[in-house]
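One structure is given here, and the rest of the page talks about it.
Residue numbers (the working numbering), protein chains in the order written: chain A, 289 to 627; chain B, 20 to 239.
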């Protein structure tokens with residue numbers, strides 16, 4: 289707040305002060321007041337008015353400067369009320385009170401929306417557990433009647449399960465602060481579980497598997513990690529190169545006390561300009577548009593989950609040659625303290 | 020015959036589970052009265068309990084806690100919840116294994132088999148007619164004649180031996196191999212089976228493994 293702008297704002301006050309002075313001056317002249325007295329009155333009048341203007345200016349300046357300054361520095365602007373002292377003039381008090389009411393109403397609204405989102409998330413989680421029951425029934429039915437049912441039945445049920453998991457983990461990656469527990473787990477069990485899940489697809493597409501886990505102990509959430517790796521393997525199967533013998537190589541190793549897991553396939557690869565976008569929501573790229581049905585959600589969710597778990601997901605690819613997804617688990621030492 | 024108790028409130032699942040277990044050579048019973056679940060499970064003298072977490076009246080975890088007060092019967096927890104915390108909790112209550120719905124039925128059978136094997140580890144020697152089979156060493160022995168099996172051949176022979184007289188599908192064998200982190204393809208399985216046949220022939224068992232066309236293999 290500077291004085292120039294303030295005075296400009298108070299222009300009417302200043303004009304009234306000036307006009308009043310002219311009127312007083314005229315009256316004093318008409319009554320033939322001695323000059324000395326006129327000078328004294330003028331002096332007193334202007335001193336008083338300047339003092340009045342300045343006192344008002346500094347009272348407001350103190351409050352508004354603090355207000356604007358804090359507002360600028362604040363990341364969450366709605367917290368402004370917590371940082372300022374209550375003003376001692378009417379306009380300021382009105383502003384302060386209004387802000388308080390506005391904040392309160394906004395917080396109530398956010399609480400309401402938060403509750404709705406949480407209820408929705410709870411409902412989705414519950415629904416998913418419910419829907420897993422008929423899917424289990426179908427899996428068992430397919431197995432028990434496999435001599436009369438085609439293998440396709442089982443494949444379709446598996447697909448259904450996979451899409452449902454995507455919803456579950458989408459909800460988990462977006463709406464939960466902490467829904468996982470990190471502990472020491474063994475990579476070989478996780479890889480085995482994911483590959484077993486996809487066994488039929490891998491065999492049917494005659495994709496060879498090479499697993500070489502030099503470092504097996506990592507710290508992560510088992511269920512989340514299974515989902516993440518499953519999405520990656522699903523993509524490898526989906527985008528295999530039909531012109532050559534397909535292979536998926538899964539390698540883990542220690543790299544400067546960090547553990548990395550690399551999942552490499554010799555599939556159709558990704559266009560160079562698409563690579564920076566593959567983790568974006570609903571991104572399908574040229575591969576998705578070209579032929580194969582793609583939702584563009586798999587890698588987006590996988591990446592989000594990695595972020596939450598504190599892992600780093602990276603991608604390298606060359607069109608027509610390979611795609612490699614790397615999960616960087618970070619340093620084990622960090623967690624050892626809690627063991 | 021091993022007796023398995025199924026504690027599951029979904030009718031289709033429990034019936035199909037019974038179907039699956041009966042076909043695999045177990046005797047299975049379905050728990051129907053959930054009000055007296057603790058007593059029924061304990062009185063059934065079951066050799067293993069398949070316990071769903073979401074059952075009426077009593078939560079599966081509480082039931083497990085009650086069972087553990089008096090019995091050491093092996094329990095496999097089954098749940099549709101995909102939550103790490105539930106798993107940790109179940110294991111801490113004394114579950115022997117934990118499996119998430121929907122599960123691969125062959126894998127469930129393998130896990131049941133593993134639990135029984137773990138309990139009955141009296142010797143590491145199994146018999147097939149006059150043959151002695153040492154799975155841990157991978158050795159097939161007839162009198163003083165010995166044949167060494169590779170890991171894959173060992174897994175395949177174990178599976179066939181466990182299901183002796185029943186048809187074993189290629190898919191079952193594949194599942195067991197992949198479960199043991201041997202990610203081989205169809206050709207390799209065929210090669211492994213013919214090598215295993217050759218080794219059995221060396222010991223004088225020429226027609227031990229029969230092929231049932233379109234179905235699988237059977238160890239006579």
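Positions of the beta carbon are idealized from the N, C-alpha and C atoms, including for glycine.
The structure presented is a predicted model; accordingly, all values stated were derived computationally and were not measured.
- prompt: For a contact meaning CB atoms closer than 7 Å, what does residue 449(A) contact in chain B?
  reply: 121
- prompt: Does residue 540(A) get closer than 8 Å to chain B when you measure Cβ to Cβ?
  reply: no
message: Tell me which residues of the segment 215–234 of chain B have at least one Cβ-Cβ distance to chain A shorter than 7 Å, keeping chain order.
response: none
message: So with CB distances below 8 Å, who are the chain E contacts of residue 499(A)?
response: This model lacks chain E altogether; the protein chains it does include are A and B.
task: Return yes when the Cβ of residue 535(A) is within less than 8 Å of the Cβ of residue 554(A), no when it is not.
output: yes
field: First and last residue of the uninterrupted beta strand (DSSP E) at residue 543(A)
entry: 535–543
field: Which listed residue (367(A), 521(A), 500(A)) has its alpha carbon closest to that of residue 483(A)
entry: 521(A)
query: What residues in the segment 408–425 of chain A bring their beta carbon closer than 9 Å to a beta carbon of chain B?
result: 413, 416, 417, 418, 419, 420, 421, 422, 423, 424, 425
query: Buried or exposed: which applies to residue 328(A), given that a residue is buried once 16 or more other Cβ atoms fall within 10 Å of its Cβ?
result: exposed
- prompt: At a CB-CB cut-off below 7 Å, which residues of chain A make contact with residue 195(B)?
  reply: The contacting residues do not exist; residue 195(B) stays about 10 Å from chain A at best.
field: N- and C-terminal bounds of the alpha helix (DSSP H) containing residue 451(A)
entry: 439–463
- request: Please list, in chain order, all residues of the same chain as residue 187(B) whose beta carbon is under 8 Å from its beta carbon, the five residues on each side excluded.
  value: 178, 179, 235, 236, 237, 238
task: Name the residue from 34(B), 41(B), 33(B) whose alpha carbon lies nearest to the alpha carbon of residue 22(B).
output: 41(B)
message: Between residue 51(B) and chain A, is the shortest Cβ-Cβ distance under 8 Å, so that the two count as touching?
response: no
- prompt: So what does DSSP say about residue 234(B), is it helix, strand or coil?
  reply: coil
query: Of all the CB atoms in chain A, is at least one closer than 8 Å to the CB of residue 35(B)?
result: yes
query: Going along the chain, which residues of its own chain have a beta-carbon closer than 7 Å to the beta-carbon of residue 61(B), five neighbours each way excluded?
result: 86, 89, 90
message: Is the separation between the beta-carbon of residue 603(A) and that of residue 594(A) shorter than 8 Å?
response: no
- prompt: My guess is that residue 175(B) and residue 150(B) are in contact by the Cβ rule of under 8 Å, so how many angstroms apart are they, rounded?
  reply: In fact, because the Cβ distance is near 15 Å, the residues do not count as touching under 8 Å.
message: For residue 386(A), report the span of its alpha helix (DSSP H) as first-last.
response: 378–432
- prompt: Going along chain B, which residues have a C-beta under 7 Å from residue 519(A)?
  reply: Within 7 Å Cβ-Cβ: nothing; residue 519(A) doesn't reach chain B, min ~15 Å.
Cβ neighbour criterion (16 or more within 10 Å) applied to residue 544(A): exposed
- request: Say whether chain B places a C-beta atom closer than 8 Å to the C-beta of residue 444(A).
  value: no
message: I need the straight-line Cα distance from residue 227(B) to residue 487(A), nearest angstrom please.
response: 28 Å
query: Within this structure, are the beta carbons of residue 541(A) and residue 502(A) separated by less than 8 Å?
result: yes
Proximal residues to residue 498(A) (C-beta, below 6 Å), its chain only, five neighbours per side dropped: 537
- prompt: Can you give the Cα-Cα distance for residue 350(A) and residue 388(A), rounded to whole angstroms?
  reply: 20 Å
field: For residue 628(A), three-class secondary structure by DSSP
entry: It is not possible to answer for residue 628(A), since the shown part of chain A is limited to 289 through 627.
field: Those residues which DSSP pairs with residue 160(B) across a bridge
entry: 151(B), 165(B)
message: For residue 427(A), would you say it is in contact with chain B, using Cβ-to-Cβ distances shorter than 8 Å as the test?
response: yes
- prompt: How about residue 507(A) and residue 552(A): do their beta carbons lie closer than 8 Å?
  reply: no
- prompt: Using a C-beta to C-beta distance shorter than 8 Å, which residues of chain B count as neighbours of residue 454(A)?
  reply: Per Cβ cutoff of 8 Å: no residues; residue 454(A) is ~12 Å from chain B at best.
query: In its own chain, which residues sit with a C-beta less than 8 Å from the C-beta of residue 597(A), not counting the 5 before and 5 after it?
result: 468, 470, 508, 509, 512, 513
Touch test, the segment 421–437 of chain A against the segment 119–126 of chain B, Cβ-Cβ under 8 Å, three pairs minimum: yes
- prompt: When Cβ atoms are compared, which residues of the segment 62–78 of chain B fall closer than 8 Å to chain A?
  reply: 73
Simplified DSSP state of residue 608(A), which is helix, strand or coil: coil
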